[in-house]
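Before any comments, here is the structure.
Protein chains in written order, with the numbering used here: chain C, 1 to 127; chain R, 1001 to 1552.
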């Protein structure tokens, strides 16, 4: 895993006496290059998985699971490093997490509706 | 220690010699108070425009025949009313006007955390508005404000793309405001201003911002997908192209139900301020009111399916959504009970803002309770897409949000302008609005329960009497809305000088001058007390000392 170097600085927010001070931190250039390389590898994996799927008849569920795993890995890297969530304050991390909780609520409840549609089966024609 | 004194001119003060410079000083301002005024003007313009569309709708409905406009024009008219009122008035009204003006003042800060982002949000709002208006000018859109697919994505021959582009851009304006409020509340509170010393208006704005930031992107994406399907025929929602129309409804209502809380949560915040100030009492159950805002914001994400009970959604989903909808009544009721408890043994003064606040409580209770009816699957199936629903959401949005917006504008008008308005006309117009509102929308409950469907302009003659009553009420309501425009404008010239704290209220915004200086405070205040620190005996003392002409 790429090592992250952080540098703390004084909060630049207008009023110095404010209760909460921001500790600015940054990700080193070297880390950015490593994350970029990791993303390129993951992109190659995406293309490779698609290519392999064309040759070997994988179960559909497995294909989707592989594609989702690669996509989640890419997204996580981008959010943590390029969007600075890894070195952000707890509140920022909380909001980033909340977005995923909100997204999960939307997907799970919507998919639950799709799953349960047709329960109970519609009554058949009267005899 | 040497300190740098900030210039202490009122934010409205301008000594630029040329008109062009004066205009530039407003259009490029990053002062949150000036941006609030820009929003005030723009949002009120859209309110009048949306009201004009409603006027045509109500005139058409006076007779059972479609004699003023065709079905198609009627569809476009109520869509114009809905799109403008929802996206360009109700959603931004309180946050963008009162929130922008007050949040830094209430927090003891010199501005919002990101002043340029704040100005950008106004420009985004205006661009979005221009798109929506151009759609109207070019012939309008006939999908209703809900843009249901596949009608919007495939079959409609109106200006769908322009309108949803306007709503899409407006969404970014909302997000910018929400992000700004969250960052400001976290980072820029004055020393000593702990979370449980925050005014309840700030809590309400914070909860609203949470909903805005988490929900608005979803409707943006949903509208983008409609555009993709409409422009390029990619099958997403249209069954003929392999799509699913219910997916749109899920995505749309995932935002649009929380959007109701984007409209009403800020109103709750305003009402908390008004009730406490005009009862001269510490608010009852501060923590419960604060947490109920957060509870509403969170639970609001779990109830969207109650808009889809008749859409072929799974009955099991409907049952779960119905149950959670019942839960959301609890935090709403907590607020109402706490406001009522605050009134108890208070020294209540019926000034104009308080009249709006009391009107709000009554109307919101009716709107909220009929919402419980609609949350029950069996009743909802009976009244879906009838005027019962129209009456319900107008009680929440007009009876709730607009009453609070007007109450808030009156309450903070002296702070915004430095002038008092005419109190007699204020009281008269508040009463006219209350009467006009009930006259307009109460008959619609009856109409809906009797089976009058919404979005029809031709109807059986038996419904005419109720429609005429409703249209007459709308006329009264319109008069009630026009009167404040006149006396508030007049007050800018002739109003009595307000002084810094005309209501004898607590809160940091009343500690600075009226109107406040550009940087809000001469020195950043230090907070040592709770938000509503009225002395325990204040109400009793005020009541004992009250004489005709007393300020409160």
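Using N, Cα and C, we set each Cβ at its ideal position, and we do this for glycine too.
Compare the C-alpha of residue i against each of the options and name the closest.
i	options	result
residue 72 of chain C	C:90, C:36 and C:42	C:42
residue 107 of chain C	R:1302, R:1076 and R:1042	R:1302
residue 1190 of chain R	R:1102, R:1114, R:1108 and R:1123	R:1108
residue 1180 of chain R	R:1089, R:1192, R:1198 and R:1208	R:1208
residue 1091 of chain R	R:1243, R:1511, R:1044 and R:1184	R:1044
residue 1404 of chain R	R:1159, R:1273 and R:1238	R:1273
residue 1270 of chain R	R:1514, R:1083 and R:1200	R:1200
residue 1128 of chain R	R:1083, R:1434 and R:1539	R:1083
residue 118 of chain C	R:1411, R:1401 and R:1313	R:1313
residue 1487 of chain R	R:1429, R:1532, R:1511 and R:1028	R:1429
residue 1362 of chain R	R:1510, R:1170 and R:1333	R:1333
residue 1418 of chain R	R:1254, R:1345, R:1431 and R:1513	R:1513
residue 103 of chain C	R:1096, R:1057, R:1250 and R:1126	R:1250
residue 1374 of chain R	R:1449, R:1518, R:1032 and R:1283	R:1449
residue 1194 of chain R	R:1481, R:1360, R:1134 and R:1106	R:1106
residue 1431 of chain R	R:1447, R:1406 and R:1532	R:1406
residue 50 of chain C	C:35, C:68 and C:28	C:68
residue 1317 of chain R	C:96, C:91, C:53 and C:115	C:115
residue 989 of chain R	R:1351, R:1233, R:1198 and R:1093	Missing from the structure shown is residue 989 of chain R; chain R here goes from 1001 to 1552 and no further.
residue 1400 of chain R	R:1379, R:1427, R:1414 and R:1369	R:1369
residue 1158 of chain R	R:1102, R:1147 and R:1121	R:1147
residue 1460 of chain R	R:1063, R:1012 and R:1298	R:1063
residue 1493 of chain R	R:1456, R:1540, R:1414 and R:1427	R:1414
residue 1034 of chain R	R:1066, R:1017, R:1077 and R:1112	R:1112
residue 1252 of chain R	R:1226, R:1243, R:1134 and R:1338	R:1226
residue 1136 of chain R	R:1163, R:1544, R:1246 and R:1321	R:1163
residue 112 of chain C	R:1093, R:1059, R:1321 and R:1360	R:1321
residue 1245 of chain R	R:1346, R:1173, R:1311 and R:1324	R:1311
residue 1046 of chain R	R:1036, R:1085, R:1183 and R:1315	R:1085
residue 1182 of chain R	R:1339, R:1241 and R:1100	R:1100
residue 76 of chain C	C:100, C:55, C:64 and C:59	C:100
residue 1255 of chain R	R:1268, R:1223 and R:1497	R:1223
residue 1521 of chain R	R:1151, R:1051, R:1509 and R:1131	R:1509
residue 1121 of chain R	R:1042, R:1051 and R:1381	R:1042
Across which residues does DSSP place residue i in a beta bridge pair?
i	result
residue 1386 of chain R	R:1453
residue 1010 of chain R	R:1517
residue 1419 of chain R	R:1497
Is residue j closer than 8 Å to residue i when the C-beta atoms are compared?
i	j	result
residue 1416 of chain R	residue 1491 of chain R	no
residue 1221 of chain R	residue 1229 of chain R	no
residue 1279 of chain R	residue 1335 of chain R	no
residue 1104 of chain R	residue 1204 of chain R	no
residue 1341 of chain R	residue 1285 of chain R	yes
residue 1202 of chain R	residue 1115 of chain R	no
residue 1211 of chain R	residue 1262 of chain R	yes
residue 1061 of chain R	residue 1392 of chain R	no
residue 1038 of chain R	residue 1026 of chain R	yes
residue 1079 of chain R	residue 1139 of chain R	no
residue 1192 of chain R	residue 1528 of chain R	yes
residue 970 of chain R	residue 1357 of chain R	As shown, chain R starts at 1001 and ends at 1552. That puts residue 970 of chain R outside it, with no answer to give.
residue 1454 of chain R	residue 1390 of chain R	yes
residue 1239 of chain R	residue 1296 of chain R	no
residue 1281 of chain R	residue 1074 of chain R	no
residue 1178 of chain R	residue 1213 of chain R	yes
residue 1011 of chain R	residue 1502 of chain R	no
residue 86 of chain C	residue 94 of chain C	no
residue 1166 of chain R	residue 1458 of chain R	no
residue 1408 of chain R	residue 1436 of chain R	no
residue 1215 of chain R	residue 1259 of chain R	yes
With residue i and residue j assumed to form a contact (beta carbons below 8 Å), what rounded beta-carbon distance in angstroms separates them?
i	j	result
residue 1098 of chain R	residue 1425 of chain R	Not confirmed; about 21 Å, so no contact.
residue 1309 of chain R	residue 1384 of chain R	7 Å
residue 1441 of chain R	residue 1395 of chain R	6 Å
residue 1053 of chain R	residue 1077 of chain R	5 Å
task: Using a Cβ-Cβ cut-off of less than 7 Å, list which residues of the stretch 100–119 of chain C approach chain R; keep chain order.
output: 102, 105, 106, 110, 112, 113, 116, 117 and 119
- prompt: If contact means a Cβ-Cβ distance below 8 Å, which residues of the stretch 81–99 of chain C contact chain R?
  reply: 91, 95, 98 and 99
- request: Select from the stretch 1303–1317 of chain R all residues with a C-beta closer than 9 Å to any C-beta belonging to chain C, and list them in chain order.
  value: 1304, 1305, 1308, 1312, 1313, 1314, 1315, 1316 and 1317
task: Could you run through the stretch 1206–1224 of chain R and flag, in chain order, every residue whose CB is less than 9 Å away from some CB of chain C?
output: 1210, 1213, 1214, 1215, 1217 and 1218
Residues of the stretch 1231–1251 of chain R with Cβ closer than 9 Å to any Cβ of chain C, in chain order: 1244, 1246, 1247, 1250 and 1251
field: Residues, ordered as in the chain, of the stretch 1170–1186 of chain R that lie near chain C by beta-carbon distance below 8 Å
entry: 1182 and 1186
- request: Note down, in chain order, all residues in the stretch 1278–1301 of chain R with a beta-carbon under 7 Å from any beta-carbon belonging to chain C.
  value: 1301
- prompt: What are the residues of the stretch 1250–1268 of chain R that lie near chain C, defined by any Cβ-Cβ distance shorter than 7 Å?
  reply: 1250 and 1254
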